[in-house]
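Participant: One line per chain: the protein sequences are V and S, in this order. Counting the first sequence from 1 gives a position; our numbering is that position plus 4. Counting the second sequence from 1 gives a position; our numbering is that position plus 673.
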Amino acid sequence: MKTRHKRLVLIGLGLATLGLATWLVLSAFQKNMVFFFTPTQVMQGEAPQGRSFRIGGMVEMGSIQRQPDGVTVRFVVTDNAQKLPATYKGILPDLFKEGKGVVAQGRLDANNNFIAEEVLAKHDENYMPPEAAYAMEQGHKARQGALAQNGNAPKEAK
Amino acid sequence: MIPELGNYSLMLALALAFVQATLPIAGSFNGNARWMALGRTTAAGQFAFVTIALGCLIHAFVTNDFSLTYVASNSNSNLPVYYRVAGSWGGHEGSLLLWVWMLAMWTFAVAALSRQLPDETVARVLGTMGLISIGFLLFMLFTSNPFERLLPAAPDGRDLNPLLQDFGMIIHPPLLYMGYVGFSVAFAFAIAALMGGQLDAAWARWSRPWTTVAWVFLTLGIFMGSFWAYYELGWGGWWFWDAVENASFMPWLVGTALIHSLAVTEKRGSFKNWTVLLAIIAFSLSLLGTFLVRSGVLTSVHAFATDPERGLFILIFLAIAIGGSLTLYAWRAPSVGIGGRFALVSRESMLLVNNVLLLVAAGTVLLGTLYPLFLDALGLGKISVGPPYFDSVFVPLMVPVLLLMAIGPFARWKESLVTDLARKVRWVALGVVIVAAGLAVALSPSPMAALGILLALWILAATASHAVERVMHGPKGTPLLRRIASQPRSYWAMIIAHAGVGIFVVGVTMVKSFETANEVAMRPGDSTSAGGYAFRFTDLREVKGPNYIAARGTFEVTKDGKPVSILHPEKRLYTVQQMPMTEAAIDRNFTHDLYVSLGEATAQDTWVVRVQYKPFVGWIWGGCIIMSLGGFLAAADRRYRVALKKRSETTEAPTAGAATVKAAAVKAV
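(1) What are the boundary residues of the alpha helix (DSSP H) that includes Ser-1119(S)?
(2) For Lys-1185(S), report the span of its alpha helix (DSSP H) as first-last.
(3) By how many angstroms is the C-alpha of Gln-719(S) removed from the C-alpha of Pro-1288(S)?
(4) Quick one: give me the first and last residue of the beta strand (DSSP E) that Leu-1(V) is part of.
(5) Could you give the DSSP three-state label for Gly-105(V): helix, strand or coil?
(6) Measure the C-alpha to C-alpha separation of Val-783(S) and Ala-1166(S) and round it to an integer number of angstroms.
(7) List the residues of chain V that Ser-1065(S) touches, going by C-beta distances under 8 Å, in chain order.
(8) Measuring straight from C-alpha to C-alpha, what distance separates Trp-1131(S) and Pro-1082(S)?
(9) Let me see if you follow: with CB-CB separation under 9 Å, is Thr-972(S) close to chain V or not?
(10) How many angstroms separate the CA atom of Glu-1021(S) from the CA atom of Met-140(V)?
(11) For the stretch 1040 to 1056 of chain S, enumerate the residues whose C-beta is nearer than 9 Å to any C-beta of chain V, in chain order.
(12) Measure the Cβ-Cβ separation of Gln-693(S) and Gly-803(S) and say whether it is below 9 Å.
(13) I think Trp-1086(S) touches Lys-940(S), with their Cβ atoms under 8 Å apart; what is that distance to the nearest whole Å?
(14) What residues in its chain sit with their C-beta under 7 Å from that of Trp-912(S), if we drop five residues either side in the sequence?
(15) Does Asp-113(V) get closer than 9 Å to chain S when you measure Cβ to Cβ?
(16) For Tyr-92(V), I'd like the list of residues in its chain whose CB is within less than 6 Å of its CB, leaving aside the five on either flank, ordered along the chain.
(17) For a contact defined as C-beta to C-beta under 7 Å, what are the partners of Tyr-853(S) on chain V?
(18) Does any residue of chain S bring its CB to less than 9 Å from the CB of Arg-147(V)?
(19) Against chain S, does Leu-88(V) count as a neighbour if the rule is that its beta carbon must be under 9 Å from one of theirs?
(20) If we count Cβ pairs, one from each stretch, closer than 8 Å, do we get three or more for the stretch 1102 to 1111 of chain S versus the stretch 1155 to 1169 of chain S?
(21) Just verifying my parser: in three-state terms, what is the DSSP assignment at Lys-1149(S)?
(22) Distance check for Gly-760(S) and Ile-844(S), CA to CA, integer angstroms please.
(23) Give a yes or no on whether the minimum CB-CB distance between Thr-1037(S) and chain V is below 9 Å.
(24) Between the stretch 15 to 29 of chain V and the stretch 105 to 112 of chain V, can you find at least three pairs of beta-carbon atoms closer than 8 Å?
(25) Taking a contact to mean a Cβ-Cβ separation below 9 Å, would you say Phe-1187(S) touches Val-1284(S) in this structure?
(26) Does the stretch 1138 to 1148 of chain S come close enough to the stretch 1194 to 1210 of chain S that 3 or more CB-CB pairs lie under 8 Å?
(27) Whose C-beta lies closer than 6 Å to the C-beta of Arg-983(S) among residues of the same chain, with five residues either side of it excluded?
(28) Give the interface partners of Met-98(V) over in chain S, defined as CB-CB distance under 8 Å, in chain order.
(29) Based on Cα-Cα distance, which residue from Gly-712(S), Ala-1274(S), Ala-930(S) and Phe-820(S) lies nearest to Thr-695(S)?
(30) Going by alpha carbons, who is nearest to Gly-830(S) out of Met-923(S), Tyr-1286(S), Tyr-743(S) and Trp-762(S)?
(31) Suppose the cutoff is 7 Å on Cβ atoms and the five residues either side in sequence are ignored; what does the same chain contact list for Ser-740(S) look like?
(32) Which residues of chain S have a Cβ atom closer than 9 Å to the Cβ of Phe-39(V), listed in chain order?
(33) Can you pull the DSSP bridge partners for Pro-1378(S)?
(34) Looking at Val-723(S) and Val-735(S), is the spacing between their C-beta atoms short of 9 Å?
(35) Do Ala-1172(S) and Leu-1133(S) come within 9 Å of each other at the CB atom, strictly closer than that value?
(36) According to DSSP, is Gln-871(S) helix, strand or coil?
What follows is the structure, given as structure tokens:
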């Protein structure tokens, strides 16, 4: 085989590998990319049905309920603007607590209940997951917006 | 007083680093021997001062000096003393100091063990390492100084995060950092070669043992992290494709490619350009990894309360280090040359395929790790990419690597005949297929499990047959032990490391395919089962540790009514931070682990319990340790010492290199 042919074969093989890798990456991204939504966005119907996504926010005070089977837990995730009911079956991370930040991955059921497949553990009492912090911030903005509107309305009526 | 001494030492080290980074390099270009000699002196001085600084910080931890902000937020007077020592690197500031100390140590080692290298090369290598050191010392002194005082002093510390209070904390960070920082030597050698425009087989032989040792430490560091996560986090997971794990895995993948490509450069003088590029990439990824961990941009196991304000400094530093070295590469690489030719089927081409696949795999991991960060930084939405992405991209790329890994050693340098290769491996291939088919019928596993087992058997059998053939080939009448000993250490190193990969693949496949877990609510007296074992919850009592209180369960494990073991999982509450922790109990066996962890108490005496049966999980780490052993053996090969001595007698490196190549070619035949 001539040097030129050899080089062509090598280049061809390299391109084929890159092509395969690109195809793998793109298809894997398409299938497995997980988007993040705040409770407000979920309640407004922005979250996809039948596809896994992430939510973040705070665990509402007094919302954790253990179901009779002892393994399933219901709780409410809030961004202080909206409340999203969630269910998880299994052992929760040690730092999962009411009034603390939480990030979970899962999907919506037919009743707009969030079925968590995974509750992400955090590893420091003072650590707020960035996603949870972001959701709280958005929730805060949404509430302020709502307050401003409500506040303005009566004034205009006068 | 002592913390100020530490601070002062760091400043002196910085001053020395400036000298080390400038004069020796300048001297190497204008032939000033005194300036070049400064490289060794400053390296020794820097090592001494950084050691003093680290000693001062450890002293502050041991003596509970809570007037230091860093000590106050990472230690507590109730903390056992060995965790206080490890607490020195438990946070961002201290881990940086450990990093710098390791860098100083590697630099000092290079300075001390490079008597036989040309002065110019030593000066340039040490100068490059001085540049890296400047970056880190500046970063530490200006943004994250561990010796910062806290006024007024705290009465007691906030305690080390309970997750970190473990033996793993004592050795995982130092091992990992030894690996990360070790690649700086390979990087410095590459930069020195680019500066000089000269890169030959001798160069490859100098940097090879350093790179291999760094790779060994990185392997051990990753192994230790995985092993630790497995028992500490209470899930029984051993790899999460977490961004920080990826940050250590990417340099490992490229480092693995690098040690293979260095072999080609040393033996055949080929791949020169490529080797230099790999060295640059491996260290760049180490830098990226170091910063990703604590920059606060990641949601991760390792993202403890962090401070994102350091981001800018980090970005600038990364841009200078990576951008600068790549620019130098683009400018100088053509003068380095590509090197010897080889045929389409040859050991070189096999190793090239290995390199390309490993690099592409590292690229896909990089993409999956950074893409969400980019989108977030650009305000284009928050996404995450989880394990399914990595599994579905990484596994297909690794299959050809594992397949070829077994054949590679059979191929000859320069040119190999396909028929010849096929003849050598046909019986092994046939045997493996038959055994795998038998297993498939007996166990009826999933396609992935069957593929994994097939690959693992293939690697183990082909590697073993290569060794057997090599040993049997020797002169007749020699005793077996002498035949084994007559092979160079680097040969056995390769066999052992490859066998380690095979064992690792067995572990991963078995645990992924056949593990079982069961989560149930239990009270004392209840039973559950997993993997054919019965777990009876017999007792629960309260115990007290030095800085925690715990609920301690007792589980009797039986199989077919016969007692197997008694396990004591705990749920601890660390009193200072009021932080709960799951302490899993594991019964480790050669072929399986039994894993019990306590969830939470749901009602009086009722606990959510997770019991798991994990077949062959220990083989994962066994494989890693065996790979590392192989690496150590390779670095200990006699030729690095013998050849180096010879080299100092001859002046021209390429001739020595060519001679070795001939000798190797003769041996390989």
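Even glycine gets a Cβ: it sits at the ideal position worked out from N, Cα and C. The structure presented is a predicted model; accordingly, all values stated were derived computationally and were not measured.
Facilitator: A quick look at the data gives this:
(1) Along the second sequence, read from residue 1 onward, the residue named residue 1119(S) stands at position 446. Element bounds for Ser-1119(S): n/a, residue is neither H nor E.
(2) Counting from one through the second sequence, the residue named residue 1185(S) turns up at place 512. Segment 1162 to 1187, the alpha helix (DSSP H) holding Lys-1185(S).
(3) Residue mapping note: residue 1288(S) aligns to position 615 of the second sequence, counting from 1. Residue mapping note: residue 719(S) aligns to position 46 of the second sequence, counting from 1. Using only the alpha carbons, I get a separation of about 49 Å.
(4) Because chain V in this structure spans residues 5 to 162, residue 1(V) falls outside the shown range and cannot be described.
(5) On the first sequence, residue 105(V) is found 101 positions in, with the first residue counted as 1. Here Gly-105(V) sits in strand by DSSP.
(6) In the second sequence, counting from the first residue as 1, residue 783(S) sits at position 110. In the second sequence, counting from the first residue as 1, residue 1166(S) sits at position 493. Roughly 23 Å between the two C-alpha positions.
(7) Within the second sequence, residue 1065(S) is the residue found at index 392, counting from 1. The answer, in chain order, is Leu-28, Ser-31, Ala-32, Lys-35 and Asn-36.
(8) Working through the second sequence from its first residue, we reach residue 1131(S) at position 458. Working through the second sequence from its first residue, we reach residue 1082(S) at position 409. Going by the C-alpha atoms only, they are around 13 Å apart.
(9) Against the second sequence, residue 972(S) aligns to sequence position 299. Low per-residue confidence applies at Thr-972(S): pLDDT is 48, beneath 50, and the placement is therefore not dependable, though the value from the model is reported in the following sentence. It does: the Cβ of Thr-972(S) has a partner Cβ on chain V nearer than 9 Å.
(10) Along the second sequence, read from residue 1 onward, the residue named residue 1021(S) stands at position 348. Along the first sequence, read from residue 1 onward, the residue named residue 140(V) stands at position 136. Using only the alpha carbons, I get a separation of about 56 Å.
(11) Leu-1040, Gly-1041, Tyr-1044, Pro-1045, Asp-1049, Gly-1054, Lys-1055 and Ile-1056
(12) In the second sequence, counting from the first residue as 1, residue 693(S) sits at position 20. In the second sequence, counting from the first residue as 1, residue 803(S) sits at position 130. Yes, the pair counts as a contact, with Cβ atoms nearer than the cut-off.
(13) Locating residue 1086(S) in the second sequence gives position 413, where the first residue counts as 1. Locating residue 940(S) in the second sequence gives position 267, where the first residue counts as 1. Correct: roughly 6 Å between the Cβ atoms.
(14) Here residue 912(S) is taken as the residue at index 239 of the second sequence, counted from 1. If we look at Trp-912(S) and ignore the five residues flanking it on each side, its Cβ neighbours are Ser-899 and Glu-918.
(15) By 1-based counting over the first sequence, the position of residue 113(V) is 109. No - not a single Cβ of chain S is within 9 Å of the one on Asp-113(V).
(16) Your numbering for residue 92(V) matches position 88 in the first sequence. Counting only Cβ-Cβ distances below 6 Å, and skipping sequence neighbours, we find Val-77, Ala-120 and Val-123.
(17) For this step, residue 853(S) is matched to residue 180 along the second sequence. Simply none; closest approach about 21 Å.
(18) Taking the first residue of the first sequence as 1, we reach residue 147(V) at position 143. Chain S contact via Cβ: absent.
(19) For this step, residue 88(V) is matched to residue 84 along the first sequence. Output row for Leu-88(V): interface = no.
(20) no
(21) In the second sequence, the residue the question calls residue 1149(S) occupies position 476. It is coil, neither helix nor strand.
(22) Along the second sequence, one-based indexing puts residue 844(S) at 171. Along the second sequence, one-based indexing puts residue 760(S) at 87. Those two C-alpha atoms are separated by around 12 Å.
(23) The count along the second sequence starts at 1 and reaches residue 1037(S) at position 364. With 9 Å as the cut-off, Thr-1037(S) counts as an interface residue toward chain V.
(24) no
(25) Numbered from 1 along the second sequence, position 514 holds the residue referred to as residue 1187(S). Numbered from 1 along the second sequence, position 611 holds the residue referred to as residue 1284(S). It is not a contact, given that the beta carbons lie outside the stated cut-off.
(26) no
(27) For the purposes of this step, residue 983(S) is taken as the residue at position 310 of the second sequence. For Arg-983(S), where only same-chain residues beyond five positions count, the Cβ hits under 6 Å are Thr-816.
(28) Numbered from its first residue, the first sequence carries residue 98(V) at position 94. Per the sequence shown, residue 98(V) should be read as Asp rather than Met. Within 8 Å Cβ-Cβ: Gly-907, Met-1252, Pro-1253, Met-1254 and Thr-1255.
(29) Position 22 of the second sequence, counting from 1, holds the residue named residue 695(S). The option with the nearest alpha carbon to Thr-695(S) is Gly-712(S).
(30) Mapped onto the second sequence, residue 830(S) falls at position 157. Checking every option, the nearest Cα to that of Gly-830(S) belongs to Tyr-743(S).
(31) Walking along the second sequence from the start, residue 740(S) turns up at place 67. Correct list, in chain order: Arg-822, Leu-823 and Ala-826.
(32) On the first sequence, residue 39(V) is found 35 positions in, with the first residue counted as 1. Chain S residues near Phe-39(V): Gly-1054, Lys-1055, Ile-1056 and Ser-1057.
(33) There is simply no residue 1378(S) to check, as chain S begins at 674 and stops at 1342 in what is shown.
(34) Here residue 735(S) is taken as the residue at index 62 of the second sequence, counted from 1. Here residue 723(S) is taken as the residue at index 50 of the second sequence, counted from 1. Cβ atoms of Val-735(S) and Val-723(S): not closer than 9 Å.
(35) Here residue 1133(S) refers to the residue found at position 460 of the second sequence. Here residue 1172(S) refers to the residue found at position 499 of the second sequence. Result yes, Cβ atoms of Leu-1133(S) and Ala-1172(S) sit closer than 9 Å.
(36) Within the second sequence, the letter at position 198 stands for residue 871(S). Coil at Gln-871(S), not helix or strand.
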